[in-house]
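Below you'll find the structure, written out as structure tokens, and then a few comments.
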Amino acid sequence: MTEKTLVLVKPDAVERNLIGNILTEYERNGLKIIDLKLLQASSAMAEKHYAEHEGKPFFDRLVAYLTRSPLAALVLEGENAVERVRALNGTTDPEKSGDNTIRALYGLSLSENTVHASDSPESAERERSIWFA
Ligand code: CMP
């Protein structure tokens, strides 16, 4: 089934000039970029994006990180895009992420893990409405 998924190339990656390398990974794996922008996230946007983590000990750190410098938001489309993009990204913790995943290649830590991708088509719709309002 053709799906859409929302990806954030997070501040740690934009700061290290990694946007191109990361988008290349998606494109050469056959995913189509159908929307793309560079923006400075507000705290309200970051809090909305991470609503499910509100109350967790790392929530404030997560919001501070996502808003500290610009990020790239994009929508990718393709067969089973949600699952495929999450496989390309790897696991949340870069140290445990499989070889050649984006987080293993570029991730710095559990919080500064370079990319975000939606975990379901429903999350993708919700997250798209935040970043492409
Ligand atoms: P992401 O895929 O954007 O979605 C939730 C984020 O929370 C995750 O990436 C991590 O950056 C962050 N996260 C999850 N667990 C922890 C943790 N234990 N400590 C710090 N950050 C975390």
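Throughout, our numbering is defined as the position within the sequence shown, counted from one, plus 631. A virtual CB, placed ideally from N, CA and C, is assigned to each residue, including glycine. For clarity, every value in this text was computed on a predicted model and none was experimentally measured.
Nearest residue (CA-CA) to residue i, options the options
i	options	result
T745	E758, Q671, L707 and V640	V640
G661	D724, A682 and A712	A712
K668	L707, D750 and E678	L707
F690	R757, A755, S742 and G729	S742
Proximity below 8 Å, CB of residue i to CB of residue j
i	j	result
L670	P701	yes
R715	G721	no
L697	A672	yes
I761	I653	no
H680	E756	no
Length of the line joining the Cα atoms of residue i and residue j
i	j	result
G686	D724	20 Å
P688	M676	19 Å
E678	I665	25 Å
F763	E683	20 Å
A644	K663	20 Å
E658	G651	10 Å
R692	E634	31 Å
E726	N648	21 Å
E656	A703	15 Å
E646	R699	10 Å
Residue i - partner residues in DSSP beta bridges
i	result
T732	Answer is none; T732 lacks a bridge partner.
E710	T633
D666	V706
H747	L639
Contact belief for residue i with residue j at Cβ below 8 Å, rounded distance in angstroms
i	j	result
L637	S749	5 Å
G738	S754	That pair is no contact at about 21 Å.
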